[in-house]
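In terms of the working numbering, the sequence shown has 298 at position 255, counting the first letter as 1, and numbering is strictly consecutive. The structure under discussion appears below in the form of structure tokens.
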Amino acid sequence: MHDVTIRTLNDMKARGEKIAVLTSYDASFTRQAEQAGVDALLIGDSLGMVVQGHESTLPVTLDEMVYHTANVSRASERALIVADLPFMSHNDPLQALASAAALMKRGGAHMVKLEGGTPQMAVVRALTERGVPVCGHLGLLPQSVHRLGGYRVQGRERDDATRILEDACALADAGAQLLVLECVPALLAAEITRAVSIPVIGIGAGADTDGQVLVLYDMLGITPGKRPKFSKDFLAESGSIAAALRAYVEAVKAGRFPDRAHCLA
Ligand code: KIV
Numbered sequence: 044m045h046d047v048t049i050r051t052l053n054d055m056k057a058r059g060e061k062i063a064v065l066t067s068y069d070a071s072f073t074r075q076a077e078q079a080g081v082d083a084l085l086i087g088d089s090l091g092m093v094v095q096g097h098e099s100t101l102p103v104t105l106d107e108m109v110y111h112t113a114n115v116s117r118a119s120e121r122a123l124i125v126a127d128l129p130f131m132s133h134n135d136p137l138q139a140l141a142s143a144a145a146l147m148k149r150g151g152a153h154m155v156k157l158e159g160g161t162p163q164m165a166v167v168r169a170l171t172e173r174g175v176p177v178c179g180h181l182g183l184l185p186q187s188v189h190r191l192g193g194y195r196v197q198g199r200e201r202d203d204a205t206r207i208l209e210d211a212c213a214l215a216d217a218g219a220q221l222l223v224l225e226c227v228p229a230l231l232a233a234e235i236t237r238a239v240s241i242p243v244i245g246i247g248a249g250a251d252t253d254g255q256v257l258v259l260y261d262m263l264g265i266t267p268g269k270r271p272k273f274s275k276d277f278l279a280e281s282g283s284i285a286a287a288l289r290a291y292v293e294a295v296k297a298g299r300f301p302d303r304a305h306c307l308a
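So this is what it looks like as structure tokens:
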């Protein structure tokens, strides 16, 4: 058993101690991130963009997720390992169970993450009832980028904000044990964090969630093209990858990241 389990994250939420999460896709960065003290590692399907060079996460396959999750879990000794269920790998409970089994049995994941609220409830219930720990993902849903018409902040309108809040509560009721909130207004993220008992990890969601996650290549400043406004290049002011990872973890734990410059209006 790794040092960090979902119980550790629950205790951290209860104590008000911030949770530091990073994405990771391979063994070497995993070792460095764990030495820096990250609590959880997310094998995000963002690897489709930052590792594979696609325009979105949609082309990423389940086998590719299993491969990268196995790379991370072989090197990991401490952190909770969360792996994304990729696009169209969990359309119904049976397919979701088979996909989660691949990520956990072949990849070594401790938890699987899936995007979306109400339409996912049957899948979340099926997974959790059979012992698969689930992390929800609300707000900006990168797998729905074409439906949303781009990567943009979600929940600015009152109706949308209410829907996201209700989805968060419904996911927790259905058994989800962790929640990622991406690109929502800080006040909404704070309200959701108070409303649910499970830990909430924000990305572009302000400073008042239980923890933060960033895409590793964004926070090292090596993602090609335009990086999201809420992300910070920690390597630029640290001088080495190890120091940048430590600076990120320390800034999250101290509540210094995100600062005003890295919060979305
Ligand atoms: O795929 C990913 O890296 C993610 C994060 C942006 C939270 O889902």
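Even glycine gets a Cβ: it sits at the ideal position worked out from N, Cα and C.
For L231, the distance from the CB to the nearest heavy atom of ligand 1 is not below 7 Å. H180 sits in a strand when the DSSP states are folded into three classes. Proximity to ligand 1 was defined by a C-beta distance below 7 Å to any of its heavy atoms, and the residues meeting it, in sequence along the chain, are T66, L85, G87, D88, S89, T100, D127, K156, H180, P185, V223, E225, I246, V256, V258. Taken through DSSP and simplified to helix, strand or coil, Q255 comes out as strand. In the DSSP assignment, G91 falls within the alpha helix (DSSP H) that extends over 90-93. Taken in chain order, the complete beta strand (DSSP E) segments of 3 or more residues contained in the stretch 120-207 are 123-127, 154-158, 177-182. 8 Å or more divides the Cβ of G254 from the Cβ of P271.
Under a 10 Å Cβ-count criterion, S142 is classified as buried, with 16 or more other Cβ atoms of the shown protein chains found around its own Cβ. In this structure the stretch 256-273 lies against the stretch 284-293, because at least three pairs of beta carbons, one per stretch, are closer than 8 Å. By the C-beta criterion, the stretch 217-233 is judged to be in contact with the stretch 164-183, since at least 3 inter-stretch pairs fall below 8 Å. Residue pairing by DSSP places G245 opposite L224, Q255 in a beta bridge. Taking each of H45, Q163, Y110 in turn and checking the Cα distance to V81, the smallest one comes out for H45.
For I235, the three-state secondary structure derived from DSSP is helix. Residue pairing by DSSP leaves T104 without any beta bridge partner. Under the three-state reduction of DSSP, V81 is assigned to coil, being neither helix nor strand. Contact annotation, Y68 with V47: C-beta distance approximately 19 Å; criterion of less than 8 Å not satisfied. Closest in alpha carbon position to A152, among Y194, E120, V166, is E120.
By the Cβ-count criterion, H133 is buried, with 16 or more other Cβ atoms from all chains shown falling within 10 Å of its own Cβ.
Fewer than three pairs of CB atoms, one per stretch, sit closer than 8 Å, so the stretch 154-170 makes no contact with the stretch 189-203. Counting along the chain, T66 sits inside the beta strand (DSSP E) bounded by residues 62-66. Just so you know, the alpha carbons of A122 and L84 end up roughly 6 Å apart. It is roughly 15 Å from the alpha-carbon of G198 to the alpha-carbon of C212.
For V295, the enclosing alpha helix (DSSP H) begins and ends at 284-296. For D54, the uninterrupted alpha helix (DSSP H) run begins and ends at 49-58, by DSSP.
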